[in-house]
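Encoded as structure tokens, the structure appears first; notes follow it.
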Amino acid sequence: MSLSQYKRLQVLLASFGLMVLATVLLVYGLKQHASAFVTPSYLAEHPQSCLHSRCRLGAMVQPNSLRIQGSELTFKAVDHENNTTIDVVFTGVLPSMFKEGKLMLAEGHRQNGVFFATTILAKHDENYKPKSI
Amino acid sequence: MQWHKHILVPAHFQQFAGKLANIAMMLALLAMLSMLQSIAVLPDDHQQGQVYKIIYMHVPLAILSLCCYLLMGLCSSVYWIWQVKMADIIAAASAYVGVVITVLAIITGAIWAKPTWGAWWVWDARLTSECILMLLYLSYISLRSTLKPRRYAQNMAALIAFLGLIDVPIVHYSVEWWYTLHQGSSLLSYTGTKIAWIMLAPLLVSSVAFASLTAVMVIHTALLLLPSADKRIAPLAPISGIYALVGLLLLWALGTGLLASCDHYVQVCYQVVLWTMILYTYCINRLIRSQHSGSENSHELEPV
């Protein structure tokens, strides 16, 4: 390897090192903010969050909690790690994969301890198996 | 002659690449046909029903969008250090193909997301980092083709490509580092694969199929980008281009027939993927042909 090639290698490695450092800082700095949703236990620990700004809540739909009154739908969203729950109220069209016991994302804001959702998305897991098994 | 001269010397590469593209196309035909036949008869998934079959297009395309970037980044580093002309050409070819593959991965993902999640697009970490990958490809292409002088443009683009390699692990680990709507990794998860064997085998076959198709596209694009002085040897590329186009049209016709009873979302995905690849291969080979016929007009590809 000639001297100029060695210098070019040094430039490459030095700039890549800086890039890795920047990325590590970014990943740690964005730990909370780059997430697509917050959990019910986060809402319980941060009572001031989601009050005036819109946010996304991600949780499991608690089995046997789904109630439909007119066009209004209510259910309990439960954090499956520590069973913290929050009531969710929603009016609108649900995705077909929305079911009790499955994960969902609700977009909206919080008022008087109730989460008012304007959009609901269904989240599915990474397991694939045929229906019959 | 040593093997590496086939790749590193542009004139040798041209003779060798046409043959390689034809072999890859044969492999793609066989693998794709076997994948189409198996997804036509596969049972439905326990939670997603039939629409999960988009996995056989989306996952290989998403993996290949990262692989193309790895190839581009590694070739760029070789070009940056040793100034090997062919390394720059292969890096540029994989950038052009990579941006097409990335856009296809995003589109098939959107078509899959609508019936399952309920939205075409969500700004979660996985989707956003894949979007950044597309922008990295585009910035490489625009830097390499606009900066002057040409050597400077190639070097700066190579540096950007190498630095952008950091996005590849971010795309892969985004579903673990942050809460995302996108599900976790099914294939490379810590606790073993999360897909039943009957559904996994066609996925591996379709990965081979799409990898071969991508290789064909990269080779043809590299042939287009070769310095024009090296193009006076036998025009193997147009013949290989015709093979590739006939093969793709055959796959389109057979696939349309075999998937006729599948979910509409799956059919739309297949049409989008196949037509994009047909159009890309056609355009690249038209450009190669016009370079061959008018070799006096091809001076704009000469290094300035």
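Here the protein sequences line up with chains U and A, keeping their order. Take 113 as the starting number for the first sequence in this note's numbering and just add one per residue. Take 702 as the starting number for the second sequence in this note's numbering and just add one per residue. Using N, Cα and C, we set each Cβ at its ideal position, and we do this for glycine too.
Interface flag, residue i vs chain U, CB-CB below 8 Å
| i | result |
| --- | --- |
| residue 900 (chain A) | yes |
| residue 977 (chain A) | no |
| residue 813 (chain A) | no |
| residue 980 (chain A) | no |
| residue 911 (chain A) | no |
| residue 749 (chain A) | yes |
| residue 770 (chain A) | no |
| residue 1004 (chain A) | Residue placement at residue 1004 (chain A) is poorly supported in this model, since its pLDDT is 49, which falls under 50; the coordinates are not used for a value here. |
| residue 871 (chain A) | yes |
Beta carbon proximity, residue i to chain A, threshold 8 Å
| i | result |
| --- | --- |
| residue 131 (chain U) | yes |
| residue 217 (chain U) | yes |
| residue 189 (chain U) | no |
| residue 228 (chain U) | no |
| residue 148 (chain U) | yes |
| residue 204 (chain U) | no |
| residue 208 (chain U) | yes |
In DSSP terms, what residue i is bridged to
| i | result |
| --- | --- |
| residue 234 (chain U) | U:216 |
| residue 201 (chain U) | U:186 and U:228 |
| residue 180 (chain U) | U:185 |
| residue 150 (chain U) | U:169 |
| residue 896 (chain A) | U:240 |
Helix, strand or coil at residue i according to DSSP, with G and I counted as helix
| i | result |
| --- | --- |
| residue 189 (chain U) | strand |
| residue 891 (chain A) | coil |
| residue 956 (chain A) | helix |
| residue 170 (chain U) | strand |
| residue 796 (chain A) | helix |
| residue 240 (chain U) | strand |
| residue 750 (chain A) | strand |
| residue 221 (chain U) | strand |
| residue 823 (chain A) | coil |
Within chain U, the residues that residue i reaches when beta carbons sit closer than 9 Å
| i | result |
| --- | --- |
| residue 890 (chain A) | 238 |
| residue 885 (chain A) | 237 and 238 |
Beta-carbon neighbours of residue i, restricted to chain A and to distances below 8 Å
| i | result |
| --- | --- |
| residue 233 (chain U) | 818, 819, 820, 823 and 882 |
beta-carbon residue i near the ligand ZN non-hydrogen atom, thresh 7 Å
| i | result |
| --- | --- |
| residue 922 (chain A) | The ligand content of the structure shown is nil, which means the ligand ZN is not present either. |
Chain-ordered neighbours of residue i on chain U, where CB pairs are closer than 8 Å
| i | result |
| --- | --- |
| residue 746 (chain A) | 240, 241, 242 and 243 |
8 Å contact criterion, which residue i and residue j should meet: CB distance rounded
| i | j | result |
| --- | --- | --- |
| residue 807 (chain A) | residue 831 (chain A) | 6 Å |
| residue 761 (chain A) | residue 907 (chain A) | 5 Å |
| residue 799 (chain A) | residue 766 (chain A) | 6 Å |
Interface partners of residue i on chain A, CB under 9 Å
| i | result |
| --- | --- |
| residue 152 (chain U) | None at all; the shortest Cβ gap to chain A is about 13 Å. |
7 Å Cβ cut-off: residues of chain A touching residue i
| i | result |
| --- | --- |
| residue 155 (chain U) | By Cβ distance, chain A contributes nothing, its closest Cβ being about 13 Å from residue 155 (chain U), past 7 Å. |
| residue 201 (chain U) | In chain order: nothing, as chain A lies at least about 18 Å away. |
| residue 170 (chain U) | 880 |
Residue i: contacting residues in chain U (beta-carbon distance under 7 Å)
| i | result |
| --- | --- |
| residue 864 (chain A) | 127, 128 and 131 |
Contact residues within the segment 115-146 of chain U, judged by C-beta distance below 7 Å to chain B: The structure shown has no chain B; the protein chains it does contain are U and A.
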